[in-house]
Amino acid sequence: MKKSILLIQPENQKINSFRRKQFNNFVQITMPYLAGFIDEAKYKITLVEPM
Numbered sequence: 147m148k149k150s151i152l153l154i155q156p157e158n159q160k161i162n163s164f165r166r167k168q169f170n171n172f173v174q175i176t177m178p179y180l181a182g183f184i185d186e187a188k189y190k191i192t193l194v195e196p197m
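Numbering (the working numbering), first residue to last: 147 to 197.
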């Protein structure tokens, strides 16, 4: 039986607008990118993106 991993990618308008104004606005690592590093043979991965 595989263990489960639940990844939730939060979206927040206030945070997004604040980050756009920063001088050092680095690209954030996204949950789908992180999920790509998880061994699917060992884990069941679920990615949730709030509407």
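Yeah, the Cβ is synthetic: ideal placement off N, Cα and C, and Gly gets one too. Please read all numbers here as calculations on a predicted model, not as lab measurements.
Please state whether the Cβ-Cβ distance between residue i and residue j is less than 7 angstroms.
i    : j    : result
N153 : A187 : At residue 153 the sequence reads Leu, which differs from the Asn that was named. Taking 7 angstroms as the Cβ cut-off, L153 and A187 do not qualify as a contacting pair.
Y189 : K149 : yes
Q168 : E195 : no
Can you give the Cα-Cα distance for residue i and residue j, rounded to whole angstroms?
i    : j    : result
D185 : P178 : 13 angstroms
M147 : S163 : 42 angstroms
R166 : F183 : 28 angstroms
N158 : I151 : 22 angstroms
What residue range does the alpha helix (DSSP H) around residue i cover?
i    : result
V167 : The sequence shown places Lys at residue 167, not Val. Q159 to K167 is the extent of the alpha helix (DSSP H) around K167.
Which first and last residues belong to the beta strand (DSSP E) in which residue i is found?
i    : result
T192 : Y189 to V194
I154 : K149 to I154
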